[in-house]
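Okay, so here's the structure we're looking at.
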Amino acid sequence: MNLVERDLKVIWHPYTQMQTAAPPIPIVKGEGSVLFDENGDAYIDAVSSWWVNIHGHSHPYIAQKVAEQLLKLEHVIFAGFTHEGAVELAERLLAILPNNQSKVFYSDNGSTAIEVAIKMCLQYWHNQGAPRTKILALKNAYHGDTFGAMAVSGRSAFTNVFESLLFEVEFIDLPNKDNIESIKSQVSSIKTELACFIFEPLLQGSGGMLMYEAQYLDQLMAHCRGENVLTIADEVLTGFGRTGKRFACDHLQQQPDIMCFSKGLTGGTMALGVTTCTQAIYDAFLSDDKLKTLFHGHSFTANPIACASALANMDLFLMPETMDNIQRIEERHSRFALKIGHHPKLKEVRQTGTIIAMEWETGGQTSYFSNLRDKLYQYFLSKGIILRPLGNVLYILPPYCISNEQLDYIYTEIEAALEIF
Ligand SMILES: Cc1ncc(COP(=O)(O)O)c(C=O)c1O
């Protein structure tokens, strides 16, 4: 039996209809922006392997740091114990985040970082004897697949089956100049029930690479602050350079109370989640009463290998070359957007930082289930490019080390696809 046959016998893949999906491609090696399958065929990873990879695959520096850590300490329980990597990472992370962030809580992935953030907010109010249970979130949001994260995500095919089990959330449209005042009134009318407002700053990824302006988010955050409603910025996707600045919140004047990170946090090498918060939130859990403790933790909380990987990522991320690469990609995307922006097959081309999205005109509604998706996916695979459209929304979200030649090749193939589909 070959690897694919063995896989199909024992494995259930994520977000995959196993009856109809094409067999998985066995990848044996990764280098820079390229993945190689067992036949030696190369694929440019234009989606950074589900948006996690920043500096390229099997980066020698991250590999070295992880290997060194493996020989020192692979894991230790994080309740009652600590270790150098976790402390250094927290120190270095807080040094580059908005300056109101003062404590770091570790978990395993993006969804768990969100769960922690939601629990922090709900218990923040509870611990002060004034419980609040409502959460404000954006339509089309995606915050993860665990139950709390699903509850604050927009209602969609991903959540429908579980709808009756999801807690109540007040959903609002993306803020813009026309609706900002009515959203503010809505917040004011329920402010005493609202524990927090959670949002993906500037960019809703899974929702279809939907983009919105910093200024209206800023206004809404300022209003929440004025009305004493906590704010959670989900930077799981936007963090670590994706939007052209280190963090999407760096485009804002306001600072969120809580921030969530994963994906690029370790350069895409290890699974790690981080939730950071203000001193005020942390202080609300300090008490002689043990019941005011945040009862949350995972076996692999602050895993030393994951922290070593995140520290190595931080070294690379803070090198000037990385920001140069981010700007280079941003400029190239902008030029490409100008070139194809008026193509009759495209409803819209939009860009935030290193992400460019092209919404195909299908004659129907924008949909995750558009038939176009599989055609485009297979077409680009046949050209040695991994692009995984969200329905009829095709997007490029590359590792920052992608070369100009690789980008140009992707652009050329997208133009070719526009002639075919
Ligand atoms: C904005 C955002 N939040 C949270 C998550 C969940 O992260 P994870 O897949 O690591 O659970 C994702 C994943 O795509 C995301 O894009």
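Under my numbering, the first residue of the sequence shown is numbered 354, with each subsequent residue one higher. C-beta: ideal position from N, C-alpha, C; glycine also.
By the beta-carbon neighbour count (other beta carbons within 10 angstroms, threshold 16), residue 753 is buried.
Under the three-state reduction of DSSP, residue 716 is assigned to coil, being neither helix nor strand. Pairwise C-beta distances place the stretch 588-603 out of contact with the stretch 374-381, as fewer than three of them are shorter than 8 Å. Close CB contacts of residue 604 within its chain, under the 7 Å cut and outside five residues either way in sequence, are with 555, 567, 596 and 598 (chain order).
A Cβ-Cβ separation of about 20 Å leaves residue 583 out of contact with residue 527 under the 8 Å criterion.
In the three-state reduction of the DSSP assignment, residue 754 falls in the coil class, being assigned neither a helical nor a strand state. Judged by the Cβ position, residue 471 fails to qualify as a neighbour of ligand 1 at the 7 Å threshold, every heavy atom of the ligand being at least this far.
Not a single heavy atom of ligand 1 lies less than 7 Å from the C-beta of residue 666. Assigned with DSSP and collapsed to three states, residue 700 falls in strand.
Exposed is the label assigned to residue 482, since fewer than 16 other Cβ atoms lie within 10 Å of its Cβ. Relative to residue 663, the option among 634, 644, 387 and 623 whose CA is nearest is 623. Boundaries of the beta strand (DSSP E) around residue 396: 395-398.
By the criterion of at least three beta-carbon pairs nearer than 8 Å, the stretch 507-515 is in contact with the stretch 483-497. DSSP lists 710 as the beta-bridge partner residues of residue 748.
Counting only residues of its own chain and dropping the five nearest sequence neighbours on each side, residue 607 has a CB closer than 6 Å to the CB of 571, 574 and 575.
Membership of residue 384 in the beta strand (DSSP E) is indicated by the continuous run 380-384. Beta-bridge pairing by DSSP links residue 651 to no other residue. Shown in chain order are the residues whose CB sits closer than 5 Å to a heavy atom of ligand 1: 462, 463, 464, 496, 497, 553, 558, 587, 589, 590 and 615.
If you draw a 10 Å sphere on the C-beta of residue 761, you find fewer than 16 other C-beta atoms in it, and that means exposed. 628 is the residue among 372, 628 and 675 whose C-alpha sits nearest the C-alpha of residue 464. DSSP places residue 473 in the helix class (H, G or I) of the three-state scheme.
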